[in-house]
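Residue numbers (our numbering), protein chains in the order written: chain A, 288 to 590; chain B, 288 to 590.
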DNA sequence: TCGATCATGCACGAAGGCTACACGGTATCG
DNA sequence: CGATACCGTGTAGCCTTCGTGCATGATCGA
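Right, here's the structure in full:
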């Protein structure tokens, strides 16, 4: 209901280039370019300036952007009030989350909502946290479950509303014959000399492991890089090193490995949060999904 | 930039019928009907219900209406910030006001702005207060000068922003030979037995005269009805009665009549106010017009 | 220097929106 | 109680709008 061209501008600010914005919105670059041009003309303000082979937002565009977020969130809120009044529980709810969430938390929400709200169609979309934010903005998803990181624009962003869901403690993955394999709990600093298997550079889980180790007073020596828990488990089983896996993550059985909880106060863990578009929590469907999600998180709480 | 269908709904709430809304928006009833239908479908909410040969707003529509005013005013505000940043003093400014204002106040604004802002085109539109509000809503005007009455939706309306401009004291119009004609000031109650010439029923000035007389403790005996000051002056000159004219109003010369100020604390007067769309005062053009208007009002202040 | 990437303009086709007209229903007046 | 005027809403047709596909100019990296 808010002029879609304002939304396009917002997406441009988030993605940087016209082409990336077009891809996120399922448009062609021509369409995005044309929309921004007409918007600029209608407003009588120059919004874009060429910068290299891309574009740069003008100060006027920054001013505009700094104010329209509240416009969008207000509208989401109004929509929610309307939906609440008319008791509309029909339609489609789209939930996106990173792999573990999509596997461990979201299915429970789907089954729960399927029984209480049979007319509601609930979809799960597995996506990395960064993609989750983009999907929320693009209205390709309504609820996101993400791992809280410094990179994520989670707190105090006028576009999103985020809520703590649960702490997923990290556990040490060891080969069965390892000297620490028999312990009931391990301090992370005891592994300072181990070779490590971590995620690829730039990926969130690698950040998390490095941060945890830094807090324990050492920098992990990277031996191998694995993107999937399965790969990491195989490398650990082969004796190539150790790695950290969240308790919620399921590891394939059959490997000669063991999972040892970590000591610490607070124990190293990843913080899982829910994210929705600001204002959209007033939609009954979304509110109920968040509620169910909290219950499931509490039930499955591994701490 | 806000979905025009929301504006259509707002106009429907203001005008009551689809046909009147269409006329105000320069549309056909079919267009208005179709817009409201698609809006209702997009929102998944029933907005209208047949009522007699017209329509009635549903509670959901009321809820919607109670919230979108702030949406529109926020957008007006943002537009103003943008215009202020880009220093855009080009374009067209449309000012509407009732007859006296259009004749006594607005021309000064036009000449003043023409010199300070040569690129700005300023238009004057004479319209009754009720039409002024409709024109503001329909974006047929940017600034309105109205007489404050009880009927006008002036104060605390989320759609408008209003500001006191000046008090225009009422004066008694008498034929030259009248017993009160020599006085320098008259109390309104001294005219309780006179035959009166007033505006037609329902018109704002009639309300004003009746209210002033009521405050003075009597109800005027209506002898004749005149819509224009000129007509009233002619009837007074003919000895058919007395009438009240605001000091700002110009009366054609040549009539054997005299104008006597009224005593009283506060002296009977009409309250002239400026009205703009809420949030639009942040547009530099409109802000400057209001400022100039205030100066002109102070200079021409008849009190 | 060559290739890749980015933004933008233009012609074309599709979709949405408004108008004009007709129709069914309802209040008002004689 | 009947005629009339008015209101809202459908439908056909037209026009504007908008997105696509392709081509062009410009810029950065190798």
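Each residue gets a CB set at the ideal place from its N, CA and C atoms; glycine is no exception.
Computed from a predicted structure; not experimentally measured.
Let me confirm a value: residue 403/B is counted as buried when at least 16 other C-beta atoms fall within 10 Å, else exposed. Which label applies? Within the second chain, numbered from 1, the residue matching residue 403/B stands at position 116. Answer is exposed; the Cβ neighbour count stays below 16.
Buried or exposed for residue 379/A, going by 16 or more other Cβ atoms inside 10 Å? Along the first chain, read from residue 1 onward, the residue named residue 379/A stands at position 92. When all chains shown are included, residue 379/A counts as exposed.
Proximal chain A residues relative to residue 409/B, where beta-carbon distance stays under 9 Å: As a position in the second chain, residue 409/B is number 122, starting the count at 1. Within chain A, no residue comes near residue 409/B; the closest Cβ sits about 17 Å away, beyond 9 Å.
Do you know how far the Cα of residue 400/B is from the Cα of residue 308/B? For the purposes of this step, residue 308/B is identified with residue 21 of the second chain, where counting begins at 1. For the purposes of this step, residue 400/B is identified with residue 113 of the second chain, where counting begins at 1. So the two alpha carbons sit approximately 33 Å from each other.
So residue 312/B contacts chain A; which residues on that side make the cut at Cβ distance below 7 Å? Residue mapping note: residue 312/B aligns to position 25 of the second chain, counting from 1. Here the premise fails: no neighbours, minimum Cβ distance about 18 Å.
Contact check, residue 468/A vs residue 545/A under 8 Å by CB: the rounded distance? Position 181 of the first chain, counted from the start, is the residue given in the question as residue 468/A. Position 258 of the first chain, counted from the start, is the residue given in the question as residue 545/A. At roughly 5 Å, the Cβ-Cβ gap stays under 8 Å, so residue 468/A and residue 545/A are in contact.
Where the segment 293-307 of chain B meets chain A: residues whose CB sits under 7 Å from a CB there: 293
Among 499/A, 323/A, 398/A and 583/A, which residue has its Cα nearest to the Cα of residue 552/A? By 1-based counting over the first chain, the position of residue 552/A is 265. The candidate whose alpha carbon is nearest that of residue 552/A is 499/A.
Members of the segment 359-384 of chain A near chain B, C-beta cut-off 7 Å: 361, 362, 365, 368, 369, 372, 373 and 375
Just the chain A side, please: which residues come within less than 9 Å of residue 336/B by C-beta, in chain order? By 1-based counting over the second chain, the position of residue 336/B is 49. Chain A residues near residue 336/B: none, gap ~13 Å exceeds 9 Å.
By how many angstroms is the C-alpha of residue 547/B removed from the C-alpha of residue 461/B? In the second chain, counting from the first residue as 1, residue 461/B sits at position 174. In the second chain, counting from the first residue as 1, residue 547/B sits at position 260. So the two alpha carbons sit approximately 8 Å from each other.
Which residue or residues does DSSP assign as beta-bridge partners of residue 451/B? For the purposes of this step, residue 451/B is identified with residue 164 of the second chain, where counting begins at 1. DSSP output for residue 451/B lists 560/B as bridge partner(s).
Please confirm whether residue 458/A and residue 533/A have their CB atoms less than 9 Å apart. Counted from its first residue, the first chain places residue 458/A at position 171. Counted from its first residue, the first chain places residue 533/A at position 246. Contact: yes.
With respect to the alpha helix (DSSP H) encompassing residue 423/A, which residues constitute its N-terminal and C-terminal limits? The residue labelled residue 423/A in the question sits at position 136 within the first chain. Per DSSP, residue 423/A belongs to the alpha helix (DSSP H) from 416-424.
Neighbour-count burial assignment, residue 366/B, 16 or more Cβ in a 10 Å radius: Residue numbering aside, residue 366/B sits at position 79 when the second chain is read from its first letter. When all chains shown are included, residue 366/B counts as buried.
Would residue 333/B count as contacting chain A if we go by Cβ distances under 9 Å? As a first step, residue 333/B must be located in the second chain, where it is residue number 46. Taking Cβ atoms only, chain A reaches closer than 9 Å to residue 333/B, which makes this a yes.
Chain A residues whose Cβ lies nearer than 7 Å to that of residue 330/B: On the second chain, position 43 is the one that residue 330/B refers to. By Cβ distance, chain A contributes 369.
Does residue 553/B come out as helix, strand or coil in the three-state DSSP assignment? In the second chain, the residue the question calls residue 553/B occupies position 266. Coil at residue 553/B, not helix or strand.
Chain-ordered chain A contacts of residue 347/B [CB-CB under 8 Å]: Sequence index remark: in the second chain, residue 347/B carries index 60 (1-based). Going along chain A in sequence order, the residues near residue 347/B (Cβ under 8 Å) are 369, 372 and 373.
Contact check, residue 297/B vs residue 446/B, beta carbons under 9 Å: On the second chain, residue 297/B is found 10 positions in, with the first residue counted as 1. On the second chain, residue 446/B is found 159 positions in, with the first residue counted as 1. The answer is yes: Cβ separation under 9 Å.
Per-residue burial, residue 416/A [other beta carbons within 10 Å of its own, 16 or more giving buried]: Taking the first chain and counting its residues from 1, the one referred to as residue 416/A is at position 129. Buried, since its Cβ has 16 or more Cβ neighbours within 10 Å.
Euclidean distance between Cα positions of residue 569/A and residue 368/A: If you number the first chain from 1, residue 569/A lands on position 282. If you number the first chain from 1, residue 368/A lands on position 81. If I take the Cα positions, the gap works out to 6 Å.
For the alpha helix (DSSP H) that contains residue 372/B, what are its first and last residues? Taking the first residue of the second chain as position 1, residue 372/B is located at position 85. It spans 346-373 - the alpha helix (DSSP H) in which residue 372/B sits, taken as one unbroken run.
Checking contacts by CB at 9 Å: is residue 535/A closer than that to chain B? In the first chain, residue 535/A corresponds to position 248, counting from 1. No, because no Cβ of chain B sits closer than 9 Å to the Cβ of residue 535/A.
Cβ neighbours of residue 583/A in the same chain (closer than 7 Å, five flanking residues each side left out): Taking the first residue of the first chain as position 1, residue 583/A is located at position 296. Excluding residues within five positions, the ones whose Cβ falls inside 7 Å are 392, 395 and 396.
Distance between beta carbons of residue 347/A and residue 326/A, contact taken as under 8 Å: If you number the first chain from 1, residue 326/A lands on position 39. If you number the first chain from 1, residue 347/A lands on position 60. That pair is no contact at about 11 Å.
Helix, strand or coil, according to DSSP, for residue 473/A in the structure here? Numbered from its first residue, the first chain carries residue 473/A at position 186. The answer is strand: DSSP assigns residue 473/A an E or B state.
Shorter than 8 Å, the distance from the beta carbon of residue 561/B to the closest heavy atom of the ligand MN, or not? With respect to the ligand MN, the structure offers nothing, as it holds no ligand at all.
Give me the chain A residues within the contact set of residue 355/B, using Cβ-Cβ distance strictly less than 8 Å, ordered along the chain. In the second chain, residue 355/B corresponds to position 68, counting from 1. Ordered by position in chain A, the residues that pass the 8 Å Cβ test against residue 355/B are 365.
Segment limits, alpha helix (DSSP H) that includes residue 399/A: Counting from 1 along the first chain, the entry for residue 399/A is found at position 112. Segment 393-403, the alpha helix (DSSP H) holding residue 399/A.
Going by C-alpha distance, which of 556/A, 571/A and 476/A is nearest residue 536/A? Working through the first chain from its first residue, we reach residue 536/A at position 249. Ranking 556/A, 571/A and 476/A by Cα distance to residue 536/A puts 556/A first.
If you check the beta carbons only, do residue 549/A and residue 472/A fall under 9 Å apart? As a first step, residue 549/A is located in the first chain; it is residue number 262 there, counting from the start. As a first step, residue 472/A is located in the first chain; it is residue number 185 there, counting from the start. Yes.
With the cut-off set at 9 Å, would you say residue 305/A and residue 342/A are in Cβ contact? Counting from one through the first chain, the residue named residue 305/A turns up at place 18. Counting from one through the first chain, the residue named residue 342/A turns up at place 55. Contact flag set, yes.
I'd like to know if residue 517/A contacts chain B, where contact means its C-beta is closer than 9 Å to some C-beta of that chain. Counting from one through the first chain, the residue named residue 517/A turns up at place 230. No, no contact with chain B.
Would residue 323/A count as contacting chain B if we go by Cβ distances under 9 Å? On the first chain, position 36 is the one that residue 323/A refers to. Output row for residue 323/A: interface = no.
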